[in-house]
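Asks: Each residue of the sequence shown is one higher than the last, beginning at 49 in the numbering used here. Every residue gets a Cβ at the ideal spot worked out from N, C-alpha and C, and that includes glycine. In this text the structure is predicted, and so the values were computed from the model without any measurement.
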Amino acid sequence: MHRLHILWGSLGLLFFVATGLYMRLVVGVEHLPDAERLLYRSSHIYIMLGFAANLFLGSCLSRRRLSVLEWLCSALVLLAPAVLAASFFLELSRPGIDRPMANLALFGLFGAAALLALRECWSALRGGTGVEA
């Protein structure tokens, strides 16, 4: 699973560059009103966040068998960048600032991080060693 996260995160960084070019060459973000420009830029940064989270998680996962909790967190982190990319192209073209797809993906990333943090705290309280390398 760690290789999938590394591959997805690495490809995603290229996608991040492509969305930056899209913003500059197609949308002309620098000429948009402040609110619209900030929405595009924040969505762009969220895409990078999602793919970077995959790189980080992929570098931390070992080749051992994953627990159910790790599978769940892994799935949330894998899905988040795809949902954020969809939000970038679908939600920003609509009027208003509501972005439910982006919210869902960001809450998913937060949930994965919170679950992994709680697991580590629980392991430390029980006297375990935490994440194995």
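With 16 as the cutoff for other CB atoms within 10 Å, does Ala83 come out buried or exposed?
Replies: Here residue 83 refers to the residue found at position 35 of the sequence shown. With fewer than 16 Cβ atoms within 10 Å of its Cβ, Ala83 is classed as exposed.
Asks: Determine the DSSP secondary structure at Arg167, reduced to helix, strand or coil.
Replies: Indexing the sequence shown from 1 puts residue 167 at position 119. Helix, per DSSP.
Asks: With a threshold of 16 other CB atoms inside 10 Å of the CB of Ile93, please say whether the residue is buried or exposed.
Replies: Stepping through the sequence shown from its first residue, residue 93 is reached at position 45. With fewer than 16 Cβ atoms within 10 Å of its Cβ, Ile93 is classed as exposed.
Asks: With a cut-off of 8 Å, do at least 3 Cβ pairs link the stretch 73 to 82 to the stretch 151 to 166?
Replies: Touching, no, given that fewer than three Cβ pairs across the two stretches are closer than 8 Å.
Asks: Count the other CB atoms, across all protein chains shown, that sit within 10 Å of the CB of Val131; report buried if there are 16 or more and exposed otherwise.
Replies: Within the sequence shown, residue 131 is the residue found at index 83, counting from 1. With 16 or more Cβ atoms within 10 Å of its Cβ, Val131 is classed as buried.
Asks: May I ask which residues mark the beginning and end of the alpha helix (DSSP H) holding Ile95?
Replies: Residue mapping note: residue 95 aligns to position 47 of the sequence shown, counting from 1. 82 to 108 is the extent of the alpha helix (DSSP H) around Ile95.
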